[in-house]
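Heads up: the structure comes next, in structure tokens.
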Amino acid sequence: MATKIGIIGDGNVGGALARGLQRAGHEVRAVGKEPGAIREAASWAEVVLLAVPFGAIDDVVKAAADAVAGKTVVDVTNALDASMNLAVGFTTSGAEELQKKLPKARVVKAFNTVFAQHMDSGRLGDQPLTAFVAADDPAAKQTVLELARGIGFDAVDAGPLKSARQLEPLAFFNIQLGYVLGMGTQIGFKLLQG
Ligand SMILES: NC(=O)c1ccc[n+]([C@@H]2O[C@H](COP(=O)([O-])OP(=O)(O)OC[C@H]3O[C@@H](n4cnc5c(N)ncnc54)[C@H](OP(=O)(O)O)[C@@H]3O)[C@@H](O)[C@H]2O)c1
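For the sequence shown, the working numbering assigns the number 240 to the initial residue and increments by one for each residue that follows.
Next up, the structure:
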């Protein structure tokens with residue numbers, strides 16, 4: 240079923256997810272940092288994707304908190320500080336902190352462990368990559384699992400939103416492999432199931 244999807248952040252991630260979701264038949268509006276445009280896109284959308292730098296979350300919350308009440312909000316951000324280190328962990332996660340800031344929204348953590356280069360296809364060559372989807376709200380989680388499958392990912396239920404405490408360091412590890420250890424961005428995670 241076609242879903243109206245508002246993407247806040249039209250950079251590498253927002254652009255790639257917009258392409259993938261449009262190809263899957265959804266109606267997509269992606270916007271940059273202008274507060275009026277953020278509010279408008281969030282009001283129009285049924286599902287809102289957050290694809291901005293971690294440090295920009297409070298700006299988005301300020302612009303769109305009312306507009307996302309009752310809606311599924313997909314947190315694609317990586318909780319990195321200015322030195323590119325993990326900003327939170329162990330006892331909370333960026334996604335759980337976002338849920339506290341948007342108590343009326345249904346926050347889902349997804350796509351953050353994938354490089355933007357593969358977000359429009361969900362694939363690396365012929366291989367589907369895994370999109371781990373973590374959320375407390377079962378319906379919101381189901382919606383995002385289906386959106387991810389529509390793009391082409393192998394979508395996996397990663398449990399409650401608390402699992403973002405594992406997914407955010409996994410994304411950090413992806414960045415380490417890709418950029419620090421020099422493997423580049425033509426890599427990705429795939430969960431094997433026997
Ligand atoms: N790149 C990856 O491979 C990747 C993979 C997984 C997760 N992520 C995460 O996804 C998020 C976006 O990454 P990206 O690579 O797409 O970054 P990007 O290309 O720099 O795009 C960031 C977007 O956020 C907007 N933005 C910046 N400041 C803002 C603010 N204060 N309020 C609202 N919007 C603002 C930017 O708008 P302007 O263009 O107008 O400045 C731009 O549209 C980050 O949290 C990143 O950690 C990235």
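C-beta: ideal position from N, C-alpha, C; glycine also.
Looking only at 388, 415, 421, 366, the smallest Cα-Cα distance to residue 350 is reached by 388. Membership of residue 414 in any beta strand (DSSP E) is not indicated; the residue belongs instead to the alpha helix (DSSP H) covering 403–414. If you draw a straight line from the Cα of residue 395 to the Cα of residue 300, it comes to about 28 Å. Excluding the 5 residues flanking it on each side, residue 303 has same chain C-beta neighbours closer than 6 Å at 277, 278, 281, in chain order. Inter-residue distance for residue 256 and residue 359 is about 5 Å (C-alpha atoms, whole angstroms). In the displayed model, residue 431 falls within coil according to three-state DSSP, outside both helix and strand.
Going by DSSP, residue 267 is part of the beta strand (DSSP E) stretching over 266–270.
Rounded to whole angstroms, the separation of the alpha carbons of residue 308 and residue 252 is 23 Å. Counting the other Cβ atoms within 10 Å of the Cβ of residue 420 gives fewer than 16, which makes it exposed. Under the three-state reduction of DSSP output, residue 348 falls in the strand class. A Cβ-Cβ contact shorter than 8 Å links residue 347 with residue 380. Residue 247 has 270, 289 as its beta-bridge partners, per DSSP. Counting the other Cβ atoms within 10 Å of the Cβ of residue 411 gives 16 or more, which makes it buried.
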